[in-house]
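Going down the list, the protein sequences come from chains Z and Y.
Residue numbers for the first sequence, in the working numbering: 12 to 422.
Residue numbers for the second sequence, in the working numbering: 77 to 388.
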Amino acid sequence: MESTPATMKLESSWMRDKIFLGMTWGDYVRSNFTKFNAVVALILLVGIPVILYRIIFGLGPSTNLSDNNPWGIWIGFDMLCGVALAAGGFVIGTAVHIFGMKEYGFLFRPAVLTGFLGYLFAIIALTFDLGRYYRLPYPMFVSWGVSSVLFLVAWHVALYLSCQFVEWCPAIFEWLNMKKARKIFIKATLGATIFGVCLSMLHQSALGSIFLLMPEKLHPLWYSEYIPLFFFMSAVVGGIAMTIIESSASHKIFSHQIKVHDPEHLNRVTLGLGKAASVTLFAYFFMKMIGLAHGDTWSYLDTPYGYLYLVEVFGFVLLPAMIFMYAVQNNLAGWVRGCAIYTVFGIILNRLDHSIIAYNWHLAWKDRYFPSWMEVVLTITVVTIGILTFQWIMNRMPILYEHPDYEPEEH
Amino acid sequence: MDNSRRNFFRVLAGLGLSASLGGTSIARADGGLLPGYPNQFGVLVDTTVCIGCRRCEWACKEWNKLPDQMDLKEYEKDQSVFQDVRRTHANTYTVVNRFENPRDSSKPIFVKKQCMHCYEPGCASSCFVKAFTKRPIGPVTYDASLCVGCRYCMAACPFDIPAYQYDNPWTPEVTKCTFCFDRISKEGGIPACVSICPVETMTFGKRTDLIDLAHKKIMDNPGRYVNHVYGETEVGGTSWMYLSAVPFDKIGFRTDLGTTPIPTLSKPFLSLVSPVFIVVPALAMGMYSFKKRRDEIEKDEIKKALEKKEGK
Ligand code: SF4
Ligand code: SF4
Ligand code: SF4
């Protein structure tokens with residue numbers, strides 16, 4: 012096909028501007044030869060064949076799942092941890108748009124983007140776990156199992172993904188220079204945020220209530236009728252912690268994007284988030300204690316599972332709560348960042364305890380589950396593609412900075 | 077259950093997740109004993125009678141056209157399977173296991189295992205596409221044409237029954253005993269496994285009659301049975317029930333399941349959904365207008381202060 016020189020020029024300049032970061036094709040390609048991308052390439056080189064293997068040969072050969080252990084790390088890590096750690100969009104959205112905490116406003120876009128991608132890739136990972144992934148829309152359009160908590164999760168996650176997309180849209184339209192569309196979506200942000208708050212509260216806790224049906228499988232120290240509440244509160248912590256990590260990291264990595272990079276301001280906000288994390292963690296800790304008393308499961312504490320439980324609750328809830336508090340009182344933003352990373356590990360441990368470690372505890376050791384290497388590789392691959400997508404978007408859209416052509420969002 | 081549920085609500089209400097839900101009416105289906113569908117069928121398995129010939133396994137495979145079928149003679153001869161306690165599997169809807177007899181070690185106890193066809197099945201309440209149906213005549217049936225393959229049903233079954241075709245990459249199904257729904261829905265039909273049993277280990281009939289029969293057997297032979305009909309109240313009652321000479325935990329049954337039907341465990345949570353959608357937006361809009369008004373007043377005051385300064 013022949014294109015006239017005029018259109019060619021127009022197209023190529025659009026491509027160059029929007030996609031190639033202002034570089035020519037050749038320069039752009041060359042700029043991608045980095046150490047980071049070499050690692051990524053290696054992961055994809057192993058990961059993509061694994062994905063294909065899973066699709067062609069099925070779950071049996073590619074995973075260690077069994078009749079006794081129908082769920083493995085694709086549910087326990089990709090889904091449960093992924094969604095909990097993607098709660099930042101909802102936490103910051105509530106703070107900024109509903110409680111009117113303007114000083115956190117600049118975190119809104121990155122948090123929404125992280126949230127959106129977190130959910131999206133959790134769903135992508137989940138499809139590999141589904142025996143018939145091509146029926147993913149069934150709970151929406153074919154048959155409604157309304158008595159199932161999973162039905163709730165499916166719907167709410169799908170709707171919430173759309174909410175976050177709406178919240179992200181202004182940035183997309185600024186990138187594409189579509190003023191009218193941007194205006195419409197700016198107006199829609201408040202509604203999407205409020206709807207999103209309901210959805211998040213419910214599906215974050217619904218992910219916990221999945222385990223309500225399994226009193227005989229989950230260890231009594233983790234089984235509690237408060238599970239929904241525990242999951243909700245720890246997800247709020249996860250959202251705050253991830254926002255701390257993500258904002259600090261991207262202000263380092265993408266600092267060239269920000270005109271007036273003000274580390275003081277970022278530190279202040281980080282300390283504020285640390286305070287919120289501390290308060291939520293303390294509340295969560297006391298809830299856990301109430302749960303323990305209510306379930307009357309003290310007698311299990313002096314068993315191996317009990318020690319794990321104590322490590323989780325004291326080492327990964329109470330301790331970070333105190334570190335956050337100390338750091339905030341002494342203005343140690345660096346400590347807050349470190350502690351946020353530590354807290355994230357705690358949340359991952361908590362979700363894995365529920366779904367894998369303290370799950371099926373009555374089974375003989377030989378019947379227990381341990382992930383196969385392919386399950387691990389697939390998980391790493393999906394996370395890597397998620398990070399790549401994040402990076403791609405951050406480099407192009409006004410996520411961290413105000414787009415020069417637009418006045419700041421006002422509500 | 078009731079008490080803890082009230083607590084659950086109190087906590088949620090206290091945290092502002094929902095406004096004073098303490099007294100809302102939730103459809104009550106729980107409670108220790110379930111009447112069940114009045115004409116529900118059941119099977120009473122008397123484990124003191126079973127001789128471990130595994131013909132029931134064979135008949136089940138035959139009737140359901142399951143893979144790995146052998147000649148009946150060969151099937152019966154194969155005693156090696158008793159070395160491990162087996163569970164149901166994609167190709168085997170029912171298994172017979174051998175347990176040591178604590179009373180008389182020369183007489184092992186054989187126990188047939190299959191889906192219990194719970195009155196309120198955990199599998200059915202977990203399925204987000206309603207692939208399971210509890211039929212009024214008793215069976216819990218599975219419809220593969222709806223199944224998405226999430227395997228929540230396997231996780232939710234307290235008896236570890238549903239199995240999965242893990243080796244089928246494109247159209248895997250959940251598999252479990254059908255209670256020979258196709259046979260027993262016909263007048264006079266009985267399950268394949270029941271009809272082949274040479275020693276009448278199993279009695280098929282109306283569930284209520286079977287409960288009476290079971291208790292009568294226990295009364296008449298106090299030395300022969302422990303005084304418990306497994307499945308009468310477990311997780312709210314099951315269609316298949318068992319009699320045993322030794323405590324049930326000695327022959328592979330879980331005795332810690334309680335009498336609460338599994339589906340009731342997630343009901344309090346599900347009933348929170350609509351209140352959250354009413355209360356949270358209202359609160360959020362309230363917060364938002366409050367904040368907006370505050371901002372406006374602030375702006376006004378600044379403006380006034382500026383005017384004052386400039387004017388005078
Ligand atoms: S035994 Fe398991 S599979 Fe069978 S009806 Fe009950 S919950 Fe469902
Ligand atoms: S695996 Fe199939 S039948 Fe089981 S809960 Fe999921 S969709 Fe329902
Ligand atoms: S009732 Fe039918 S499907 Fe169930 S174990 Fe017996 S023969 Fe098999």
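C-beta: ideal position from N, C-alpha, C; glycine also.
In this chain, the alpha helix (DSSP H) harbouring T291/Z covers 274-306. Take the alpha-carbon of I66/Z and the one of E178/Z: they are about 33 Å apart. A check of alpha carbon separations from E372/Y across R41/Z, P148/Z, G111/Z, M189/Z identifies G111/Z as the nearest. Where F345/Y is concerned, there is no enclosing beta strand (DSSP E), although the alpha helix (DSSP H) around it starts and stops at 343-346. Within chain Z, the residues whose beta carbon sits less than 8 Å from that of T247/Y are R143, listed in sequence order. The straight-line gap separating the alpha-carbon atoms of E383/Y and E374/Y is approximately 14 Å. In this structure, G198/Y has its CB closer than 7 Å to one or more heavy atoms of ligand 1. Proximity of chain Z to N177/Y at the Cβ level (cut-off 9 Å) is not reached, the minimal Cβ distance being about 21 Å. Comparing C-alpha distances from I367/Z to each of M385/Z, N80/Z, I251/Z, V280/Z shows the shortest one belongs to N80/Z. Its chain contains A95, L96, A98, I358 as the residues whose beta carbon lies nearer than 6 Å to that of G249/Z, once the 5 sequence neighbours on both sides are disregarded; these appear in chain order. Scanning T400/Z, R120/Z, L53/Z, V324/Z for the CA closest to the CA of L303/Z turns up V324/Z.
For the set P239/Z, F296/Z, S259/Z, A288/Z, the Cα lying nearest the Cα of Y320/Z is the one of F296/Z. A239/Y is bridged by DSSP to T251/Y. Identification of chain Z residues near D243/Y by a Cβ-Cβ cut-off of 9 Å yields F68, G69, L70, G71, P72, ordered along the chain.
For I237/Y, the distance from the CB to the nearest heavy atom of ligand 1 is below 7 Å.
For V349/Y, at least one C-beta of chain Z is nearer than 8 Å to its own C-beta.
Within chain Z, no C-beta atom comes nearer than 8 Å to that of H304/Y; the closest sits roughly 18 Å away.
In terms of CA proximity to T125/Z, M405/Z leads the group L312/Z, M405/Z, I334/Z, I54/Z. For the region 170-183 of chain Z, there are no residues whose beta carbon sits under 8 Å from a beta carbon of chain Y.
One Cα belongs to L222/Y, the other to P239/Z, and the distance between them is close to 28 Å. Separation of the CB atoms of T254/Y and T277/Y is rounded to 19 Å, and the pair is thereby denied contact status at 8 Å. Within the DSSP bridge table, the entry for I185/Y names F175/Y as partners.
Going by beta carbons, G285/Z and A338/Z fall inside the 8 Å limit. Under DSSP, Y306/Y takes part in a beta bridge, and its partners are Y318/Y. In the DSSP assignment, G281/Y falls within the beta strand (DSSP E) that extends over 278-282.
Taking the CA atoms as reference points, G326/Z sits about 12 Å from L292/Z. At least one heavy atom of ligand 3 sits closer than 7 Å to the Cβ of T254/Y.
C223/Y reaches chain Z at G142, R143, R146, Y149, counting residues in chain order whose Cβ is nearer than 9 Å. For E249/Y, the CB contacts under 7 Å within the same chain, skipping 5 residues up- and downstream, are A220, C223, Q241 in chain order. A distance below 6 Å between beta-carbons, with the five flanking residues on each side excluded, links P409/Z to the following residues of its chain, in chain order: A182, E185. Assignment of Y218/Y by DSSP, reduced to helix, strand and coil, places it in the strand class.
Note on Y145/Z: under 16 other CB atoms within 10 angstroms of its CB, so exposed under the neighbour-count rule. Proximity of the beta carbon of C126/Y to ligand 2 is not indicated: no heavy atom of the ligand is located closer than 7 Å.
Rounded to whole angstroms, the gap between the alpha carbons of R27/Z and D38/Z is 10 Å. Not one heavy atom of ligand 2 is found less than 7 Å from the C-beta of G71/Z.
In the three-state reduction of the DSSP assignment, V121/Y falls in the strand class, which pools E and B.
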